[in-house]
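K.L.:
Got a structure for you, written out below as structure tokens; questions coming shortly.
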Amino acid sequence: MTQTNHKAPGNAEPAVRVIDVGAPPARYARGWHCLGLAESFRDGKPHAIEAFGAKLVVFADSHGELHVLDGHCRHMGGDLTQGSVKGDEVACPFHDWRWGGDG
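Just so you know, we're using the numbering used here here: the sequence shown kicks off at 97 and counts up by one.
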């Protein structure tokens with residue numbers, strides 16, 4: 097994370113912090129990809145997988161439908177694979193922020 101210390105003329109607001117998110121991926125996954133056997137993900141826990149150059153979390157909702165999300169919480173970067181499944185959402189272990197299957 098970097099911090100800028102300049103202010104726009106006449107602007108009394110504090111400096112703005114900018115988060116370096118890195119470069120976007122050069123290639124995106126297309127089509128269907130086997131990530132594992134569906135039943136192995138339906139145990140009520142979040143599961144870590146490495147795919148497409150990233151850590152992902154796989155979890156089943158209360159209806160047994162599987163969901164795959166980025167493995168890190170967008171709030172503060174918590175490892176969602178170390179969190180828990182609560183109803184239809186995966187909960188971050190840091191602050192209990194929850195993410196549904198739609199992100």
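From the three backbone atoms N, C-alpha and C, an ideal C-beta is built for every residue, glycine too. Fair warning: this is a prediction, and the values are worked out from it, not measured in the lab.
DSSP beta-bridge partners for Trp195?
P.N.:
Val186
K.L.:
To the nearest whole angstrom, what separates the beta carbons of Ala200 and Gly167, a pair I think is in contact under 8 Å?
P.N.:
Residue 200 falls outside the range modelled here, since the chain spans only 97 to 199, and no answer is possible.
K.L.:
Using only the alpha-carbon positions, how far apart do Phe155 and Pro189 sit?
P.N.:
15 Å
K.L.:
Please list, in chain order, all residues of the same chain as Gly160 whose beta carbon is under 6 Å from its beta carbon, the five residues on each side excluded.
P.N.:
Cβ within range, chain order: Arg138.
K.L.:
What span of residues does the beta strand (DSSP E) with Val164 cover, start to end?
P.N.:
Leu162 to Asp166
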